[in-house]
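Only one structure is covered here, and it is reproduced in the block below.
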Amino acid sequence: SQKIEQNSEALNIQEGKTATLTCNYTNYSPAYLQWYRQDPGRGPVFLLLIRENEKEKRKERLKVTFDTTLKQSLFHITASQPADSATYLCAVPGNQFYFGTGTSLTVIP
Amino acid sequence: NAGVTQTPKFQVLKTGQSMTLQCAQDMNHEYMSWYRQDPGMGLRLIHYSVGAGITDQGEVPNGYNVSRSTTEDFPLRLLSAAPSQTSVYFCASSYWGQGHSGANVLTFGAGSRLTVL
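Here it is, written out as structure tokens:
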């Protein structure tokens, strides 16, 4: 099995700044790691996937890193906007998908 | 392409009643799963299936029953509802195994909000 820990339940940042969210896993190193976004009252939506042999992955203003030595992934949103406000979930596959509890991000105008 | 469809969106039950939450996907995904989400608890896996006729328990299976008779459908049954089962339920599906670029992405339904009085 796998335990996923995400940093602080809530993160508030000013618009235009970079938000950095942390995901740590405790057991085996997964073949890949995923990040999802969840808006209130809706199901999570897939954002990015990074494989174990990739150090970094980018998609527009999003950047994900994967450090198998630290057993950690960092999720960055650069030039943050109020529309980025949501809960972000980290997920690791195994015989099932293991999710962290999520980090709630609020971008303040 | 409808993705993952959950019904009903809202349901109120009395303690002891039974009901079934429906989940259907039209993407030919092998993997289907049910999560519940409670404030501060994140997503907790109830049951999952990696193909028709195959189901397994997740983290919080007690009080719930599933079956997978077809690839498309994965209903979740509450046999005798309890107030502790008040929650938002999400169904999610994905491809499974190495046959799809070796990575599987979950597609979630819109959720079903259940209240047990």
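Heads up: the protein sequence lines correspond to chains P and C, in order.
Here our numbering is used: the first residue of the first sequence is 47, the next is one more, and so on.
Here our numbering is used: the first residue of the second sequence is -2, the next is one more, and so on.
Positions of the beta carbon are idealized from the N, C-alpha and C atoms, including for glycine.
On a predicted model such as this, the values are computed, not experimentally measured, just so you know.
Shorter than 7 Å from the beta carbon of residue i to some beta carbon of chain C?
{"i": "P:Phe112", "result": "no"}
{"i": "P:Phe145", "result": "yes"}
{"i": "P:Phe48", "result": "First, the residue type needs correcting, since residue 48 of chain P is Gln and not Phe in the sequence shown. No, no contact with chain C."}
{"i": "P:Phe92", "result": "yes"}
{"i": "P:Asn142", "result": "Asn is not the amino acid found at residue 142 of chain P; the sequence shown has Gln there. So, interface residue."}
{"i": "P:Leu67", "result": "no"}
{"i": "P:Gly62", "result": "no"}
{"i": "P:Leu95", "result": "yes"}
Quick one: is residue i near chain P, going by C-beta distance under 7 Å?
{"i": "C:Val9", "result": "no"}
{"i": "C:Val102", "result": "yes"}
{"i": "C:Phe71", "result": "no"}
{"i": "C:Leu111", "result": "no"}
{"i": "C:Ala49", "result": "no"}
{"i": "C:Gly60", "result": "no"}
{"i": "C:Ala79", "result": "no"}
{"i": "C:Gly13", "result": "no"}
{"i": "C:Gly0", "result": "no"}
From the DSSP secondary-structure annotation, give me the bridge partner or partners of residue i.
{"i": "P:Ile59", "result": "P:Val153"}
{"i": "P:Thr72", "result": "DSSP lists no partner for P:Thr72."}
{"i": "C:His26", "result": "According to DSSP, which records beta bridges pairwise, C:His26 is partnered with nothing at all."}
CB-CB under 8 Å to residue i, same chain, minus the five flanking residues each way: which ones, in chain order?
{"i": "P:Ile154", "result": "Asn58, Ile59, Gln60, Glu61 and Pro128"}
{"i": "C:Ser15", "result": "Arg74, Leu75, Leu76, Ser77 and Ala78"}
Checking 7 Å against the spacing of the C-beta atoms, do residue i and residue j come in under that value?
{"i": "C:Tyr86", "j": "C:His26", "result": "no"}
{"i": "P:Thr124", "j": "P:Arg104", "result": "no"}
{"i": "P:Glu98", "j": "P:Thr114", "result": "yes"}
Should residue i be labelled buried (16 or more other beta-carbon atoms within 10 Å of its own) or exposed?
{"i": "C:Arg65", "result": "buried"}
{"i": "P:Thr133", "result": "buried"}
{"i": "C:Met29", "result": "buried"}
{"i": "C:Val9", "result": "exposed"}
{"i": "P:Phe112", "result": "buried"}
{"i": "P:Ala56", "result": "exposed"}
{"i": "C:Ala79", "result": "exposed"}
{"i": "C:Ala(-1)", "result": "exposed"}
{"i": "C:Leu76", "result": "exposed"}
{"i": "C:Gln37", "result": "Inspection of the sequence shows that residue 37 of chain C is occupied by Gly rather than by Gln. Exposed is the call here."}
Apart from the five residues just before and just after residue i, which ones in its own chain have a Cβ nearer than 6 Å to its Cβ?
{"i": "P:Thr72", "result": "Lys49"}
{"i": "C:Lys11", "result": "Leu114"}
Quick one: is the Cβ of residue i within less than 6 Å of any heavy atom of the ligand NAD?
{"i": "C:Gln8", "result": "In terms of ligand content, the structure shown is empty, and the ligand NAD therefore cannot be addressed."}
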